[in-house]
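*Asks:* Mapping to the numbering used here: the sequence shown position 14 is 52, numbers consecutive.
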Amino acid sequence: MKAILILAHGSRETKTLETLQKITDMTKAQLPGVMIETAYMEFCDINLEKGLDILVKNGADDITVVPYFLFEGIHIREDIPGEIKEYLEKHPGIKVNLGNTLGADPRLADVLADRIREAL
């Protein structure tokens, strides 16, 4: 069964967790029937490994980790692939892929333009 793990950086700020949960809930509403969970690189109990474990326990065996990151920095290039590799070594039979960052998506420019209009 396919599933998605939305992976954010994480923060000590509680509002960060609330924001990602709101985004995740909105995403789930657009993709009914898709198993989606969240996890964080830092500062949260649910890290990448625990997020993958939750999905596997719920029947997932083909997981795409979708990074809720704008840029392809060290976490995307090294840390996350390394953690995925370690997970796969411990869990044969599970497939885990890394999706794309949010990047330079025109829809983000729309949101940014809205924020600038609000500020003007």
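By construction, the Cβ of each residue, glycine as well, lies at the ideal position given by its N, Cα and C atoms.
The model shown is predicted, which means the values in this text are computed figures rather than measured ones.
So, at 7 Å on beta carbons, what are the nonlocal neighbours of ILE122 in its own chain, with the 5 sequence-adjacent residues on each side left out?
*Replies:* Closer than 7 Å at the Cβ level, and outside the excluded window around ILE122, lie VAL103, VAL134 and LEU136.
*Asks:* Where are the beta strand (DSSP E) runs, 3 residues long or more, that stay fully inside the stretch 126 to 158, in chain order?
*Replies:* If we require 3 residues or more, the beta strand (DSSP E) runs fully inside the stretch 126 to 158 come out as 133 to 136.
*Asks:* Determine the DSSP secondary structure at MET39, reduced to helix, strand or coil.
*Replies:* In the structure shown, MET39 sits in coil (DSSP, three-state: anything other than H, G, I, E or B).
*Asks:* With DSSP as the reference, identify every bridge partner of THR76, one or two as the case may be.
*Replies:* DSSP, once it has assigned bridges, lists ILE44 as partnering THR76.
*Asks:* LEU90 and TYR125 look like a contact to me (Cβ under 8 Å); what is the Cβ gap, rounded to whole Å?
*Replies:* Confirmed, about 6 Å.
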